[in-house]
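K.L.:
The following block contains the structure, expressed as structure tokens.
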Amino acid sequence: MEMLFKDILNTDDVEGIMLFSHDGEMVFDLFPSATLSAPHKKTWWPLFMNALKGIREADLIFEKRRLYVRKTDVGYLIIVTGLFSPMAMLRLNCDIVLPSLKEMNKKKGLKRFFKGKR
Amino acid sequence: MIKRVLIVDDDQEMLLSLKEGLGKYEETFSVRIAGDGVAAIEKLKEHTFSLVVSDLKMPRRDGLSLLSYIMEHYPEIPVIIITGYSTPEMEKLAMEGGAVGYIAKPFMVEDLARKILSTLRKESEGGTLHSVSSGMFLQLIEMEQKTCTIRLFDQTSKKHGVLFFKDGELLDARVDGLRGEGAAYEIFTWDEVTLSIQNDCIQKQRTVHSELQAILLEAMRLKDEADQAKREVHPAKEEKAAEGQLLKKIRNRIEKELGRRCGVEDIYCDDAWDGLMSYLSQAGECFDAGAFKLGYLDRGEANDLILLPGQETVVIIVSPNCPRDRIIETLSV
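Sequences listed follow chains Y and H, in order. Our numbering puts the first residue of the first sequence at 684, with every later residue one more than the last. Our numbering puts the first residue of the second sequence at 20, with every later residue one more than the last.
As structure tokens, this is what we get:
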């Protein structure tokens, strides 16, 4: 999985990545930077995923960081970036990677990570 | 208090020359005109007058018929008759009908003005008071059991009203098109009035049946309600205006940076998004990202959305082909 997201993680100013199942379970996270880690809020993420229902893609801009949210076949991908990450490049990388995620899910039994695939 | 005088004549030239000639008395009375008795009655129903000057021979409704109508419905309004066909019989008829003056045409405008002024003086023979609260003063009239006609002018609404008291009891009230208790409720809410007192009450018909105190209390209650409604309406209006300005500012900012063909389809405020906005904002807190500035959402529909947080969420509808990153950059500065 880490290899799959390698290009995304190598994009400038990307600080971390998280993959959630549709019902809000965090199935993968990687934060190369020591200053930031994936927040383990077990009860909150399912609510957040539910709130995102119907959204295919979202750019969330904050004062100090950005979150890029992308719907995938297995759930939602959240990429945490700084303010200067090249967003067009990041989106393009996602376009390339996400079909592979779908393939992986089919072939290598990624399903075991996802409890409530919809 | 400037009094209103209604001049009724079917001779338009005569009407206009009288209006112009009496213009120099505008600080004492203002002149309104009507072309016949029917038009005069319409004006009497709409406004409060202190005096009517009427010609005798007119189409639709003549002067004598108008005089009789006024004596029946507005007995407190004095009427001066002017006529070009004066005969002693005609004068007798007019005076017996209740007219306070009779002038034969042709006459000098000054003669009519003198007659009007002397008649109007009677209106305030009992004195004139300025800037008083109508409610307070009228309680005194009741206490002293006075019989009088009180004409009031409200400086706030610029309305004229008349109250008729018989032995301290309120018989009738009039304000513009209203009559009876409804008119009394309105007059009693006036805070800053100029009033003149006439020491008699020609009005005999009773249209007010409640006690003065009860009317005063009800008037105060109605005033409180109206004030409360105003307080509720004004902030809403101000908020709406501020909202309009904010939306205009946002659109201008985008169009200034990206031109008119920037892909913005619509901008509006919608609190239906407040729930999602709260979640998006909390997501930022998870990563110590600071304050939430905006969200760009693609829902796979015909248009994308940009949500801006605020007292009410601002929704910007954009075309999916819009220069997304440039709009985001412009709005997040």
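By construction, the Cβ of each residue, glycine as well, lies at the ideal position given by its N, Cα and C atoms.
(1) Would DSSP call E740 of chain Y helix, strand or coil?
(2) Give the straight-line distance between the Cα atoms of E258 of chain H and R774 of chain Y, rounded to the nearest whole angstrom.
(3) Which partner residues of F184 of chain H appear in the DSSP bridge assignment?
(4) Which of the three DSSP states is assigned to F731 of chain Y in this structure?
(5) Measuring only the C-alpha atoms, how far is I286 of chain H from R343 of chain H?
(6) Y44 of chain H to H66 of chain H, Cα distance in whole Å?
(7) Could you tell me which of H:E129, H:L295 and H:C288 sits nearest to I335 of chain H, measuring between CA atoms?
(8) Given that G309 of chain H touches chain Y, what residues does it touch there, using C-beta distances under 9 Å?
(9) Where are the beta strand (DSSP E) runs, 3 residues long or more, that stay fully inside the stretch 202–264 of chain H, in chain order?
(10) Along chain H, in chain order, which residues have C-beta atoms closer than 8 Å to that of P722 of chain Y?
(11) Would you say L313 of chain H faces chain Y, with C-beta separation under 9 Å as the test?
(12) Just confirm the distance between the C-beta atoms of F48 of chain H and R23 of chain H, as a whole number of angstroms; I'd bet it's less than 8 Å.
(13) Check the DSSP bridge columns for Y759 of chain Y and list the partner residues they point to.
(14) Closest to L719 of chain Y by C-alpha separation, out of Y:F767, Y:E746 and Y:V697, would be which residue?
(15) Report buried or exposed for F172 of chain H, applying the criterion of at least 16 other Cβ atoms within 10 angstroms of its Cβ.
(16) What does DSSP give as the partner residues of F711 of chain Y in its beta bridges?
(17) Of all Cβ atoms in chain Y, is any one closer than 9 Å to the Cβ of A202 of chain H?
(18) Which of the three DSSP states is assigned to D285 of chain H in this structure?
(19) By a C-beta neighbour count over all protein chains shown, 10 Å radius and 16 as the cutoff for buried, is S716 of chain Y buried or exposed?
(20) Using three-state DSSP, classify K800 of chain Y as helix, strand or coil.
(21) Check whether the stretch 142–152 of chain H and the stretch 205–222 of chain H touch, using three or more Cβ-Cβ pairs below 8 Å as the test.
(22) With a CB to CB cut of under 6 Å and the five nearest residues on each side skipped, what residues in its chain are close to E786 of chain Y?
(23) Give the C-beta separation of I738 of chain Y and S351 of chain H to the nearest angstrom, bearing in mind that I take them to be a contact with Cβ-Cβ under 8 Å.
(24) By the 8 Å beta-carbon criterion, what residues does the stretch 290–304 of chain H contribute toward chain Y?
(25) Mind checking whether L70 of chain H and L41 of chain H have CB atoms under 9 Å apart?
(26) Give me the Cα-Cα distance between C305 of chain H and D690 of chain Y, rounded to the nearest whole angstrom.
(27) Listing by chain order, which chain Y residues have their CB less than 7 Å from the CB of G319 of chain H?
(28) Can you pull the chain H residues whose beta carbon is under 8 Å from the beta carbon of L713 of chain Y, in chain order?
(29) Would you list the one or two residues that DSSP bridges to R23 of chain H?
(30) Applying the 10 Å Cβ sphere with the 16-neighbour rule, what's the burial state of E685 of chain Y?
(31) Determine, using beta carbons only, whether R801 of chain Y comes closer than 9 Å to chain H.
(32) Can you tell me whether M776 of chain Y is buried or exposed? The criterion is at least 16 other CB atoms within 10 Å of its CB, across all chains shown.
(33) Just how far apart, CA to CA, sit D695 of chain Y and F767 of chain Y?
(34) Relative to the C-alpha of G196 of chain H, which candidate in H:F184, H:H179 and H:E188 has its C-alpha closest?
(35) Which chain Y residues sit within Cβ distance under 8 Å of S351 of chain H?
(36) Mind checking if R343 of chain H is an interface residue toward chain Y, Cβ cutoff 9 Å exclusive?
P.N.:
Once the coordinates are examined:
(1) strand
(2) 39 Å
(3) H:C167 and H:L189
(4) helix
(5) 16 Å
(6) Approximately 20 Å, taken between the alpha carbons.
(7) If we check each option's Cα against that of I335 of chain H, H:C288 comes out closest.
(8) F745, E746, K747 and R748
(9) Correct list: 212–217.
(10) C305 and F306
(11) yes
(12) Right, their Cβ atoms sit about 7 Å apart.
(13) Within the DSSP bridge table, the entry for Y759 of chain Y names Y:F703 and Y:K754 as partners.
(14) Y:V697
(15) Per the 10 Å Cβ criterion, buried.
(16) The partner list for F711 of chain Y (beta bridge, DSSP) reads Y:L702.
(17) no
(18) Annotated three-state conformation of D285 of chain H is strand, per DSSP.
(19) Its Cβ having fewer than 16 others within 10 Å, S716 of chain Y is exposed.
(20) Note on K800 of chain Y: pLDDT 44, under 50, position unreliable in the model; the coordinate value appears next. Correct three-state label for K800 of chain Y: coil.
(21) In short, these stretches touch, since the Cβ pair count reaches three.
(22) Nothing listed; no residue qualifies.
(23) I738 of chain Y to S351 of chain H, Cβ: 19 Å. No contact.
(24) G294, L295, Y298, L299, Q301, A302 and G303
(25) No, these two residues do not count as a Cβ contact at 9 Å.
(26) In a straight line, the C-alpha of C305 of chain H is about 24 Å away from that of D690 of chain Y.
(27) R739
(28) Those within 8 Å of L713 of chain Y in chain H number zero; the least Cβ separation is about 14 Å.
(29) H:S49
(30) By the neighbour-count rule (16 or more Cβ atoms within 10 Å), E685 of chain Y is not buried but exposed.
(31) Note that R801 of chain Y scores a pLDDT of 43, beneath 50, so its modelled location is shaky; the value from the coordinates is reported in the next line. It does not: the Cβ of R801 of chain Y has no partner Cβ on chain H nearer than 9 Å.
(32) A quick correction: the sequence has Asn, not Met, at residue 776 of chain Y. Buried: at least 16 other Cβ atoms inside 10 Å.
(33) Approximately 8 Å, taken between the alpha carbons.
(34) H:H179
(35) Result: I744.
(36) Yes, contact with chain Y.
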